[in-house]
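Visitor: In the working numbering, the protein residues as written are 41 to 262. Beta carbons are placed, not taken as given, at the ideal position from N, Cα and C, and that holds for glycine.
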DNA sequence: ATCCCGAGGG
DNA sequence: CCCTCTGGAT
């Protein structure tokens, strides 16, 4: 670990973002969708499921129910059958139908742009709201904290918290607001490709000299 | 056995 | 704070 860059300092954050940009210039939302409502549905389905698997299930779902009206009126058992491979299928089906119904009842069938409005949708909390707001409207009232962002923030020494809401608050305090949307994509991409949960590839990581958790780096500096 | 772009309820 | 909800991949 480079001793001149204390974890969480402004200089550390600047360095992290620059290196992650260079390593993952293609980082972007990996969920497939055509409309804001479809992104909302795909993001609800992404809970505790790989986006790859979500993308394998949504084409049939969106073909069967192309509109928010169709989703709201869908037979629960039919949606359950289509989304079962994503896990939590009973709850996710209810969230999809009830959120679609609420979009129709309160927002003219459109996805609202305000954070507090998104949070009134069943099955939508800060993670899902941050994803949808950032992707659809380019707006950020917060930072998407999924399992990757949470894990990497901890390993990089950017937070000592484990509760995602507290992790998000810590990140918001040290990351410039104009990087809030980008940093989540970068950390997610890096988490999938390099800093994986089970076997992080520290020797191949472009952050290993600015990461307090990098395996086998500290001894060299002594 | 652990992990994946979590949320709601107790 | 805790727990439950779920399936597929590794």
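(1) Compare the C-alpha of residue 117 against each of 209, 129 and 250 and name the closest.
(2) In whole angstroms, what separates the C-alpha of residue 87 from that of residue 164?
(3) Please name the residue in 172, 188, 83 and 144 whose C-alpha comes closest to that of residue 156.
(4) State the start and end residues of the unbroken alpha helix (DSSP H) segment that holds residue 57.
(5) Do residue 67 and residue 91 have their C-beta atoms within less than 8 Å of each other?
(6) Should residue 205 and residue 190 be called a contact, given that it needs their Cβ atoms to be closer than 8 Å?
(7) Which residues bound the alpha helix (DSSP H) around residue 102?
(8) Using a 10 Å radius around the Cβ and a threshold of 16 neighbouring Cβ atoms, would you call residue 102 buried or exposed?
(9) Is it the case that the Cβ atoms of residue 195 and residue 182 are separated by a distance below 8 Å?
(10) Are the CB atoms of residue 184 and residue 213 nearer to each other than 8 Å?
(11) Given a cut-off of 8 Å, decide if residue 60 and residue 188 are closer than it, judged by their beta-carbon atoms.
(12) Can you check whether the CB of residue 162 is closer than 8 Å to the CB of residue 179?
(13) By Cβ distance below 6 Å, which residues in the same chain neighbour residue 78 in space, the five residues on each side in sequence not counted?
(14) CB-CB under 6 Å to residue 95, same chain, minus the five flanking residues each way: which ones, in chain order?
(15) Residue 114 to residue 220, Cα distance in whole Å?
(16) Excluding five sequence neighbours on each side, which residues of the same chain lie with their C-beta closer than 6 Å to the C-beta of residue 249?
(17) Counting along the chain, where does the alpha helix (DSSP H) carrying residue 119 start and finish?
(18) Could you name the residues of the same chain whose beta carbon sits closer than 7 Å to that of residue 120, not counting the 5 residues immediately before and after it, in chain order?
(19) So what's residue 147 in DSSP terms, helix, strand or just coil?
(20) Could you give the C-beta distance for residue 112 and residue 140, rounded to a whole number, given that I count them as a contact under 8 Å?
(21) Have a look at 83, 56 and 137 and flag the residue whose alpha-carbon is nearest the alpha-carbon of residue 175.
(22) From the DSSP output, in three-state form, read off residue 155 for me.
Guide: In brief:
(1) It is 129 whose Cα lies nearest to the Cα of residue 117.
(2) Cα-Cα distance, rounded: 11 Å.
(3) Closest by alpha carbon: 172.
(4) For residue 57, the enclosing alpha helix (DSSP H) begins and ends at 50 to 63.
(5) In this structure, residue 67 keeps its C-beta atom at 8 Å or more from the C-beta atom of residue 91.
(6) Inclusion of residue 205 and residue 190 in the CB contact set at 8 Å is not warranted, their separation being larger than that value.
(7) Unbroken alpha helix (DSSP H) run through residue 102: 91 to 104.
(8) Label assigned to residue 102: buried.
(9) Contact: no.
(10) Contact flag unset, no.
(11) No; because the gap between Cβ atoms is not below 8 Å, this pair is not in contact.
(12) Their beta carbons are not under 8 Å apart, which means residue 179 does not touch residue 162 by this criterion.
(13) Here residue 78 has 102 as same chain residues with Cβ atoms under 6 Å from its own Cβ, once five neighbours each way along the sequence are excluded.
(14) Counting only Cβ-Cβ distances below 6 Å, and skipping sequence neighbours, we find 72.
(15) The straight-line gap separating the alpha-carbon atoms of residue 114 and residue 220 is approximately 36 Å.
(16) Taken in chain order, the residues that qualify are 42.
(17) For residue 119, the enclosing alpha helix (DSSP H) begins and ends at 116 to 123.
(18) Its chain contains 129, 130 and 133 as the residues whose beta carbon lies nearer than 7 Å to that of residue 120, once the 5 sequence neighbours on both sides are disregarded; these appear in chain order.
(19) Residue state, collapsed to three classes: helix.
(20) In this structure residue 112 touches residue 140 by the C-beta definition: roughly 4 Å separates them, less than 8 Å.
(21) Comparing alpha-carbon positions, the option among 83, 56 and 137 lying closest to residue 175 turns out to be 83.
(22) Residue 155 carries a helical assignment under DSSP once its states are collapsed to helix, strand and coil.
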